[in-house]
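Under our numbering, think of the first position of the sequence shown as 152, with each following residue one higher. Positions of the beta carbon are idealized from the N, C-alpha and C atoms, including for glycine. To start, the structure under review is shown below, and the notes come after it.
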Amino acid sequence: MKKYIDQGKKDTRSGFGAGIAALGKTNEKVVALCADLVGSLKLEQFIEDSPERFFQVGIAEANMMGIAAGLTIGGKIPFACTFANFATGRVYDQIRQSIAYSGKNVKICASHAGLTLGEDGATHQILEDIGLMKMLPGMTVINPCDFNQTKAATIAIAEHKGPVYLRFGRPKVANFTPEDQKFEIGKAITLNEGSDVTLIATGHLVWEALKAAESLENQGISVEVINIHTIKPLDEKAILKSVKKTGCVVTAEEHNFLGGLGESVARTLAEHFPAPQEFVATQDTFGESGTPEQLMEKYGLNNKAIEKAVLKVLKRR
């Protein structure tokens, strides 16, 4: 099994901050909007470098989406930034009507997604956002796994024409992907070749999947690990190629099993190659207050839960 080294834990929201700061220096069309969360979204460097291209909207997320849609008409590339809960659930109507329906080139940049938001609790821990966004026609949905990949994704979406939902998180997590990586929207990355089971993960669960795979390899189980950073459009070709080889699959995500990555994979398999699948995800529940580690343990979103799911699906193969 290929070994991946944690280069030093960093939060993915800082990856976004680094990415948009880089864009500020290279793409004059990029503008940033924020709903009173500059520090949380790590926008300080962009604002320092390009103050005339930053708009503080305040706690008015619906207005922010409308302003962002309007800015595209003048040729700007707006990055609308706030917490994931406020970037989706609070403003779904505005996104649907003003951005998705008319195909506006707005980049919705959502931090503090999932359970790892931690102590702020269930009201802020959105676990439905991927489902909400992927169901909108024309919306691209991206959920990178670490600092380096989030930075690369942020830069890449500026070149993509059309609405994008970019999801990232609050805690410091392993940073293990290449610093100079090329980010290809809609292109899965096979991190480890295997023959017994396919393990498909997204976001913070990718590192946990690699840890689970290492443990399973020590038990004589050959695990293929795939990083799905783009949930829509989904790389169905990569998924089917792998599952046809292994015969079974486990999906892992920091999201409700309803509407998330696992459901998209299940649809793909149902249409083209039915195979046993287990889901590592929250089980149709809200979160609660606690540290990220406590919550990921309680809700079964870590390497131990992934390993258990793999052993279970192998019995169904």
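**OP:** May I have the straight-line CA-CA distance separating residue 446 from residue 224, to the nearest angstrom?
**Re:** 42 Å
**OP:** Can you give me the Cβ contacts of residue 166 inside the same chain, cut-off strictly under 6 Å, excluding the 5 residues immediately before and after it?
**Re:** 298, 301 and 302
Subject >> Three-state secondary structure assigned by DSSP to residue 299 >> reply: helix
Original post:
Looking at the structure shown, is residue 208 part of a helix, part of a strand, or coil, going by DSSP?
Top reply: coil
Original post:
Under the rule that 16 or more other beta-carbon atoms within 10 Å means buried, what is residue 285, buried or exposed?
Top reply: buried
Original post:
So, are the CB atoms of residue 353 and residue 387 less than 8 Å apart?
Top reply: no
Subject >> Helix, strand or coil at residue 231 according to DSSP, with G and I counted as helix >> reply: strand
**OP:** Ignore the nearest five residues each way along the sequence and tell me which others in residue 222's own chain have a CB closer than 7 Å to its CB.
**Re:** 182 and 229
Original post:
Between which two residues does the beta strand (DSSP E) containing residue 430 stretch?
Top reply: 428-433
**OP:** Compare the Cα-Cα distances from residue 469 to each of 330, 280 and 449 and report the closest residue.
**Re:** Absent from the model: residue 469. The displayed extent of the chain is 152 to 468, so no value can be given.
Subject >> Extent of the continuous alpha helix (DSSP H) to which residue 468 belongs >> reply: That residue, residue 468, is in no alpha helix (DSSP H); it is neither H nor E in DSSP.
Original post:
Where DSSP assigns a beta bridge to residue 386, which residues make up the other side?
Top reply: DSSP, once it has assigned bridges, lists no residue as partnering residue 386.
**OP:** List the DSSP bridge partners of residue 162.
**Re:** 323
Original post:
By Cβ distance, which residues of its chain are closer than 6 Å to residue 233, with the 5 residues on each side in sequence left out?
Top reply: 186, 188 and 212
Subject >> Given 8 Å, three or more beta-carbon pairs between the region 424-440 and the region 393-410 >> reply: yes
**OP:** Tell me, to the nearest whole angstrom, how far the beta carbon of residue 321 is from that of residue 263; I am working on the premise that it is less than 8 Å.
**Re:** 5 Å
Subject >> For residue 401: DSSP bridge partner residues >> reply: 350 and 429
Subject >> Terminal residues of the alpha helix (DSSP H) in which residue 360 lies >> reply: 356-368
Subject >> Close-in-space but distant-in-sequence residues of the same chain around residue 168 (CB under 8 Å, 5 per side omitted) >> reply: 192, 193, 194, 195, 196 and 197
Original post:
Alpha carbon to alpha carbon, what distance is there between residue 290 and residue 251?
Top reply: 6 Å
Original post:
What residues in its chain sit with their C-beta under 6 Å from that of residue 242, if we drop five residues either side in the sequence?
Top reply: 212, 213 and 216
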